[in-house]
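Each position in the sequence shown, counted from 1, maps to that position plus 1 in our numbering.
For every residue, glycine included, the Cβ atom is placed at its ideal position computed from N, Cα and C.
All of these numbers come straight from a predicted model, not from anything done at the bench.
Below you'll find the structure, written out as structure tokens, and then a few comments.
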Amino acid sequence: MAAKKPTVEKEKRFEVAFQRSRKTQDGSREVAQGLSFLRQMDRLFVSGSSRRGRAFGAGVFVRTPWKWAQRVVVKASVVSGRGQNNRALLKAHISYITRDSACEISQAKLYNEKADVSPQDLNNFLDDAASDRHHFRFIISPENAHDLDLSLFTRDLVNQMEKDLGTKLTYLAANHGNTDNPHIHLIIRGKDEKGKDLLIARDYLSHGIRGRASELATKELGHRSELEIRRGITAQISKERFTEIDRDLVREANSNDQGTVDLRQKGLYHKSFSTFKRQVRLRRLEELKKWGLASETSPGVWRLEDGFEATMREMGVRGDIIKTMHKALKEAPHREYAIFDQDDPNQLNITGKVVEKGLVNELNDKKYLIVSATDGRAYYVPLSKFSEDLEAGSKLGDVVTISVKRGEGIARKVDHTINKITLENGGIYSARDHLEKVSWLKGKGVAPEEYVENHVKRLEALERRGLVHRVGEKTWKVPHDFTEKLQLLGAGQTRNFVKVKVERSLQIGLKGPGDRELF
2 MAAKKPTVEK EKRFEVAFQR SRKTQDGSRE VAQGLSFLRQ MDRLFVSGSS RRGRAFGAGV
62 FVRTPWKWAQ RVVVKASVVS GRGQNNRALL KAHISYITRD SACEISQAKL YNEKADVSPQ
122 DLNNFLDDAA SDRHHFRFII SPENAHDLDL SLFTRDLVNQ MEKDLGTKLT YLAANHGNTD
182 NPHIHLIIRG KDEKGKDLLI ARDYLSHGIR GRASELATKE LGHRSELEIR RGITAQISKE
242 RFTEIDRDLV REANSNDQGT VDLRQKGLYH KSFSTFKRQV RLRRLEELKK WGLASETSPG
302 VWRLEDGFEA TMREMGVRGD IIKTMHKALK EAPHREYAIF DQDDPNQLNI TGKVVEKGLV
362 NELNDKKYLI VSATDGRAYY VPLSKFSEDL EAGSKLGDVV TISVKRGEGI ARKVDHTINK
422 ITLENGGIYS ARDHLEKVSW LKGKGVAPEE YVENHVKRLE ALERRGLVHR VGEKTWKVPH
482 DFTEKLQLLG AGQTRNFVKV KVERSLQIGL KGPGDRELF
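Okay, structure coming up:
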């Protein structure tokens, strides 16, 4: 037997020691472990980087809050700020979150780190933010918001975010009390204190802010009791939407090769809370079984049906729509409800009175209308950004006609402009030449540089698809038939959207949403 080699004392310093790879049966185990380590190091040091600079907050406080901590839901959205309507879009969003109905007592007030925001302060904010590449929107909903001073809570949270991100933040906030769960709307400019683009790491947006908000709420209100936690979980059992219980069920089903949820009794002694969670899951699965979304394959072993999560989320959306319509049409509960479906080839145009207008999602300003139509039905009409003019859209009481604008394939107006220019220039598109040709736009109040940049971005996207080839800086060779190729690629891929036409305004002398007399 070979003698053991004497051990050599290593220097007391930080080292990263890589073990030599050993071949496994498939030769992949050690390689996967090595890659896992490198990925972890990459996450720590590189995940916050981007082509435009390093993102703030990468890897900062992204752990899941302890189960006894106060729960806070945080929804985040990064909204592009490019375009000549940027100021108007931001102003419209702020107008919506400060509407009279957003607060139980009076109009929701805007505030920042110091005090309430005056009209002049708001104008200054809009002027400064109009040129930002993007801005951030958050909806922050503490579970026990009724027991918190939401303005103080928001200021403390932003102050903590500034410490985490290492920069001063410019923001506006408004508190909403018009729902069962009071919440906060927070808008943060997309610039740091040095005037550079503010880039916040994805993991901090997804987890870090929620963790900090939970920490602050727990500090103020104390830990949740086990009774509170149990009540919160039990309330989800009969919900017709995708719940936290469902998320746990999906996670467990995905964790094994059989794709099942095993809830068999695994012993005589269990922790009280573990037993409670098992019982809750069983009761939830029984509810899902009634809806045909789960089945018990053997005693205690369950299988979720294909498309379970998507179906539950769709049920939640439809439930929200019905609640919205009930609230808007409370004076006419007998009215038949319908959803205007832009993708239904048999969907007919409708004409009626606008009885409600609001936002489906307060983060992205996606709107909806409720129209009391001449056929005796009340329609929920989801809108897109193309449905109506930003400044001259429909208003409550207006008589409107709702129709579907059918898509025309994948080719866009910008593509036809690119095609025209390249045909004139021997198959070459040059941003510099294009800029010279559209310099007259400046007299029309449109920035030529911004107009041309939209075409450049489109060409960059077409380049990634192999339809055009770059031959210089912001210069591409474009085939003479590329619009035809786009149409072939987009065969069957039409994008329909709802179109709203205001027929006449009836804002004076409205009789209410339940009135069937529209004209």
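For residue i, list the residues DSSP reports as bridge partners.
i: HIS208; result: Partner(s): none; HIS208 has no beta bridge.
i: PRO143; result: VAL73
i: PRO383; result: TYR369
i: LYS502; result: THR402
i: ASP198; result: LYS192
i: HIS417; result: Answer by DSSP bridge pairing: none, since HIS417 is not bridged.
i: ASP263; result: VAL302
i: PHE137; result: VAL79, ILE189
i: HIS184; result: HIS177
i: LEU360; result: LYS368
i: LYS443; result: Answer is none; LYS443 lacks a bridge partner.
i: ARG378; result: GLU337
Would you tell me roughly how many angstroms separate the C-alpha atoms of residue i and residue j, rounded to the nearest one?
i: THR155; j: ALA89; result: 26 Å
i: PHE341; j: GLY301; result: 42 Å
i: ASP150; j: ASP117; result: 15 Å
i: VAL262; j: GLU315; result: 23 Å
i: ASP376; j: GLU245; result: 40 Å
i: LEU384; j: ARG248; result: 30 Å
i: GLN34; j: VAL281; result: Because the pLDDT of GLN34 is 43, which lies under 50, any placement of that residue in the model is unreliable, and the question is left without a value.
i: ASP193; j: LYS502; result: 42 Å
i: GLN121; j: THR171; result: 15 Å
i: LEU289; j: SER78; result: 32 Å
i: ARG190; j: SER431; result: 34 Å
i: ASN145; j: SER119; result: 29 Å
i: ALA254; j: ARG304; result: 8 Å
i: GLU504; j: LEU111; result: 35 Å
i: ILE403; j: TYR380; result: 10 Å
i: VAL479; j: GLY428; result: 5 Å
i: LEU349; j: LEU442; result: 39 Å
i: LYS368; j: VAL382; result: 9 Å
i: ALA462; j: ASP416; result: 11 Å
i: ALA448; j: ARG433; result: 14 Å
i: GLY365; j: THR298; result: The displayed chain sequence assigns Asn, not Gly, to residue 365. The straight-line gap from Cα to Cα measures roughly 42 Å.
i: GLU332; j: LEU206; result: 42 Å
i: ARG284; j: LEU330; result: 34 Å
i: LYS500; j: GLY308; result: 31 Å
i: VAL80; j: GLU454; result: 18 Å
i: VAL74; j: HIS208; result: 10 Å
i: ASP198; j: SER96; result: 25 Å
Could you tell me if residue i is buried or exposed, where buried requires 16 or more neighbouring beta carbons within 10 angstroms of its beta carbon?
i: THR276; result: exposed
i: PHE137; result: buried
i: PRO143; result: buried
i: ASP399; result: buried
i: VAL318; result: exposed
i: ARG213; result: buried
i: GLN71; result: buried
i: TRP477; result: buried
i: ARG53; result: Confidence at ARG53 is low in this model, with a pLDDT of 42, below 50, so the placement of that residue should be treated as unreliable; the coordinate-derived value is given next. ARG53 should be labelled exposed.
i: SER388; result: buried
i: LYS115; result: exposed
i: GLY353; result: buried
i: GLU363; result: buried
i: TRP173; result: In the sequence on display, residue 173 carries Leu and not Trp. Label assigned to LEU173: buried.
i: ARG40; result: Interpretation of ARG40 is limited by its pLDDT of 44, a score under 50 that renders its predicted location unreliable; the figure taken from the coordinates is listed afterwards. So ARG40 ends up on the exposed side.
Of the choices the options, whose alpha-carbon is the least far from that of residue i?
i: ARG134; options: GLU451, GLU464, VAL472, GLN161; result: GLU451
i: ASN87; options: GLY359, ALA130, LYS358, TYR380; result: ALA130
i: ASP157; options: LEU217, ALA146, SER132, LYS240; result: LEU217
i: LEU222; options: LYS354, VAL405, ASP148; result: ASP148
i: LYS220; options: ARG252, TRP67, ALA236; result: TRP67
i: GLY82; options: LEU127, TRP292, SER215; result: LEU127
i: LEU468; options: GLU474, GLU229, ASP482, LEU283; result: ASP482
i: ASN347; options: ILE98, VAL405, PRO449; result: VAL405
i: VAL355; options: ARG252, TYR205, MET326; result: MET326
i: ASN125; options: ARG100, ARG466, LYS92, LYS324; result: LYS92
i: PHE57; options: LEU123, LEU397, LYS169, SER132; result: LYS169
i: TRP292; options: LEU200, GLN266, SER239; result: SER239
Less than 7 Å between the CB of residue i and some heavy atom of the ligand ATP, yes or no?
i: VAL61; result: Because no ligand of any kind appears in the structure shown, any question about the ligand ATP cannot be addressed here.
Of all the CB atoms in chain C, is at least one closer than 8 Å to the CB of residue i?
i: GLY178; result: In the structure shown, chain C cannot be found, because there is only a single protein chain.
Assuming the contact rule is C-beta atoms closer than 8 Å, residue i and residue j should be a hit. Round their C-beta distance to whole Å, please.
i: ILE419; j: ARG459; result: 7 Å
i: SER395; j: LEU370; result: 7 Å
i: GLU241; j: GLY320; result: 5 Å
i: ASN113; j: SER152; result: The Cβ separation is near 10 Å, so there is no contact.
i: MET162; j: ILE210; result: 7 Å
i: ILE323; j: TYR338; result: 7 Å
i: HIS184; j: ILE140; result: 6 Å
i: ARG252; j: LEU264; result: At roughly 14 Å, the Cβ-Cβ gap does not stay under 8 Å, so ARG252 and LEU264 are not in contact.
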